[in-house]
Amino acid sequence: MAKKKKEDVYQEFIKGLWRDNPVFVQVLGMCPMLAVTNSAVNALAMGGATFFVLVASSFLVSSLKSWIPKQVRISTYIIIIATFVTVTDFTLEALVPTIHKELGAFIPLIVANCMILGRQEAFASRNSVRLAVVDALGMASGFLFALFALGSVREILGEGALFGVPLFGPHFEPWVIMILPPGGFLTLGLLLLFFNWVKERKDRLAAQLAESEAS
Amino acid sequence: MNELVWIFISALLINNFVLAYFLGLCPFLGVSGRLETAFRLGLATIFVMLITALCAWFLNTYILIHAPYLRLISFIVVIASTVQFIEMVIKKTSPALFKALGIFLPLITTNCAILGLAIFATNKGYGFVEGMVYALGAGLGFTLALVLMAGLREEAELCDVPRLIRGTAMNLIIAGILSMAFMGFAGLFSAV
Chain A
0 MAKKKKEDVY
10 QEFIKGLWRD
20 NPVFVQVLGM
30 CPMLAVTNSA
40 VNALAMGGAT
50 FFVLVASSFL
60 VSSLKSWIPK
70 QVRISTYIII
80 IATFVTVTDF
90 TLEALVPTIH
100 KELGAFIPLI
110 VANCMILGRQ
120 EAFASRNSVR
130 LAVVDALGMA
140 SGFLFALFAL
150 GSVREILGEG
160 ALFGVPLFGP
170 HFEPWVIMIL
180 PPGGFLTLGL
190 LLLFFNWVKE
200 RKDRLAAQLA
210 ESEAS
Chain B
0 MNELVWIFIS
10 ALLINNFVLA
20 YFLGLCPFLG
30 VSGRLETAFR
40 LGLATIFVML
50 ITALCAWFLN
60 TYILIHAPYL
70 RLISFIVVIA
80 STVQFIEMVI
90 KKTSPALFKA
100 LGIFLPLITT
110 NCAILGLAIF
120 ATNKGYGFVE
130 GMVYALGAGL
140 GFTLALVLMA
150 GLREEAELCD
160 VPRLIRGTAM
170 NLIIAGILSM
180 AFMGFAGLFS
190 AV
């Protein structure tokens, strides 16, 4: 029994990180992710902020779930999320003013990230505190991973650098378009295409395997 | 007057909310399948944006000077409840309009473009008239992007596209090309 519990927790975590990745599979929370992923550092900062907000609000929502009246639950979730976002906003402004300035209005916009509200409604409000936190940790790590993947691809192609360290030497001609808005759409589109391809391949291999076993 | 025109043009084309700021992507990708629905959603969004600008201006001028740290929370609560309230009013007074906007109104409340509009307008320090013009421009810009996207998607549906790329991946790449086209409008600024 104890072992099964442990596996459950692991499953909840891995679900958010890979199988139900909020960005690549569910395509949620895209507004903040495309706008700030023009460099790896910004992507990590945004991912970190979202991470904190999601985990903290999942924890609070699931501990308060029996006191929140059904009719006003969405508004309650939004207020809880907005409170944590305000905390994050002021903390970042005090600790890392340069990054805060670059992310600008997109930190407050974490409130409108449908992924966070979605997790509260779909998971945190009907599961134990422990599972809700694990689920939030998984989803937030998945989001962070996706942001980082997008941010580093865009920075490498757009500036020929990663974390500000040049990679290709002086003769590299940067693809400026990649750090501009169209690059965000194109990169995410191509990454989704890649994920589709991996999934399709896996399905086909599994089908072939099943066929050869049957015959 | 001239400045107002620039605010309008900038929000409409150069800093288009969808294609340059990535705001409101969920409806942009979700509801852009049909031209007709896209257009209606756009109209409803313009409407909500104007109301939001009004609320944001009111809150900023009269209430939030005393407690600026409550800005985010009060924005989102006031916007959500105002939209809900207006939805009820429209339902009672004009069923035809309600039917046209209908399901889209509650959907719009969770659209990040709405909250983004309030925050951007505050950051830029717009007054009442500027805020309303900004909201109108942003709303029209959103509608324009949505309608263009829907038109392209309707066309793309008739094409023979590989199965792998169909769906969100293709829509994002189309959006990327649209966004590239819109970058051309940036030249409008340097022309003056």
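In the order they appear, the protein sequences are chains A and B.
Just so we're aligned: 140 in numbering that gives the first Met the number 0 is position 141 of the first sequence, and the numbers increase by one with no gaps anywhere.
Just so we're aligned: 147 in numbering that gives the first Met the number 0 is position 148 of the second sequence, and the numbers increase by one with no gaps anywhere.
The beta-carbon is built from N, C-alpha and C at its ideal position, and this holds for glycine as well.
Quantities reported herein were computed from a predicted structural model and do not represent experimental measurements.
Query: Take Leu-181(B) and list the residues in its own chain whose beta-carbon comes closer than 6 Å to its own, dropping the five residues that flank it on each side.; Result: It should be pointed out that residue 181(B) corresponds to Phe in this sequence rather than to Leu. Taken in chain order, the residues that qualify are Asn-15, Leu-18.
Query: Given a cut-off of 8 Å on the beta-carbon distance, is the pair Gly-137(A) and Leu-59(A) in contact?; Result: no
Query: At 4 residues or longer, and completely inside the segment 19 to 99 of chain B: list those alpha helix (DSSP H) runs for me, N to C.; Result: 24 to 29, 34 to 57, 70 to 92
Query: If you draw a straight line from the C-alpha of Gly-194(A) to the C-alpha of Ala-139(A), how long is it?; Result: In the sequence as displayed, the identity of residue 194(A) is Phe instead of Gly. One C-alpha to the other measures close to 19 Å.
Query: So Thr-36(A) is in the alpha helix (DSSP H); what residue range does that whole segment cover?; Result: Element bounds for Thr-36(A): n/a, residue is neither H nor E.
Query: Taking Cβ positions, are Cys-113(A) and Leu-191(A) nearer each other than 8 Å?; Result: no
Query: Using a 10 Å radius around the Cβ and a threshold of 16 neighbouring Cβ atoms, would you call Thr-92(B) buried or exposed?; Result: exposed
Query: Look up Val-95(A) in the DSSP assignment and say whether it is helix, strand or coil.; Result: coil
Query: On the three-state DSSP scale, how would you describe Gly-166(B)?; Result: coil
Query: Give the single residue among Arg-200(A), Lys-14(A), Phe-144(A) whose Cα lies nearest to the Cα of Arg-118(A).; Result: Lys-14(A)
Query: Determine the closest residue to Val-117(B) out of Phe-7(B), Leu-42(B), Val-47(B), Arg-33(B), with distance taken between C-alpha atoms.; Result: At residue 117(B) the sequence reads Ala, which differs from the Val that was named. Checking every option, the nearest Cα to that of Ala-117(B) belongs to Val-47(B).
Query: Between the alpha carbons of Ile-172(B) and Ile-73(A), how many angstroms are there, rounded?; Result: 33 Å
Query: Report, in whole angstroms, the separation of the C-beta atoms of Ser-56(A) and Phe-83(A), which I expect to be a contact under 8 Å.; Result: 5 Å
Query: In terms of alpha-carbon separation, which member of Glu-120(A), Leu-116(A), Thr-90(A) lies closest to Ile-106(A)?; Result: Thr-90(A)
Query: Alpha carbon to alpha carbon, how far is Ala-144(B) from Glu-212(A)?; Result: 51 Å
Query: Could you compute how far the alpha carbon of Met-169(B) sits from the alpha carbon of Ser-65(A)?; Result: 43 Å
Query: So which residues on chain A does Val-88(B) lean against when the C-beta distance must stay under 8 Å?; Result: Within 8 Å Cβ-Cβ: nothing; Val-88(B) doesn't reach chain A, min ~19 Å.
Query: Taking 8 Å as the threshold (beta carbon to beta carbon), is Phe-122(A) in contact with chain B?; Result: no
Query: Suppose you measure from the CA of Gly-32(B) to the CA of Asn-20(A); what does that come to, to the nearest Å?; Result: 24 Å
Query: With the cut-off set at 8 Å, would you say Gly-157(A) and Val-175(A) are in Cβ contact?; Result: yes
Query: Name the chain A residues that come within less than 7 Å of Ala-55(B), Cβ to Cβ?; Result: Simply none; closest approach about 12 Å.
Query: For my contact list, Phe-74(B) and Leu-58(B) are in at a C-beta cut-off of 8 Å; report their separation, rounded to the angstrom.; Result: 7 Å
Query: For the segment 136 to 163 of chain B, enumerate the residues whose C-beta is nearer than 7 Å to any C-beta of chain A, in chain order.; Result: Leu-163
Query: In chain order, what residues of the same chain lie with their CB nearer than 8 Å to the CB of Ser-127(A), ignoring the 5 residues before and after it?; Result: Ser-61
Query: Output, in chain order, the set of chain A residues within a Cβ distance shorter than 8 Å of Asn-122(B).; Result: Gly-103, Ala-104
Query: Could you list which residues in chain A have their beta carbon closer than 7 Å to that of Tyr-20(B), in chain order?; Result: Ala-34
Query: Straight-line CA distance for Ile-6(B) to Phe-119(B)?; Result: 12 Å
Query: Counting only the same chain and skipping the five closest in sequence on each side, list residues whose C-beta sits under 6 Å from that of Met-148(B).; Result: Ser-31
Query: Can you tell me the Cα-Cα spacing of Gly-168(A) and Glu-154(A), whole angstroms?; Result: 15 Å
Query: Quick check on Met-29(A) - is its C-beta less than 8 Å from some C-beta in chain B?; Result: yes
Query: DSSP three-state label for Leu-27(A), please.; Result: coil
Query: Tell me, to the nearest whole angstrom, how far the beta carbon of Thr-121(B) is from that of Ala-55(B); I am working on the premise that it is less than 8 Å.; Result: 6 Å
Query: Cβ closer than 7 Å: which chain B residues qualify as neighbours of Asn-195(A)?; Result: Leu-163, Ala-168
Query: Can you tell me where the alpha helix (DSSP H) with Pro-181(A) in it begins and where it stops?; Result: 180 to 213
Query: With DSSP run on the structure shown, which of helix, strand or coil describes Pro-107(A)?; Result: helix
Query: So, Ala-111(A) versus Tyr-20(B), is the Cβ gap smaller than 8 Å?; Result: no
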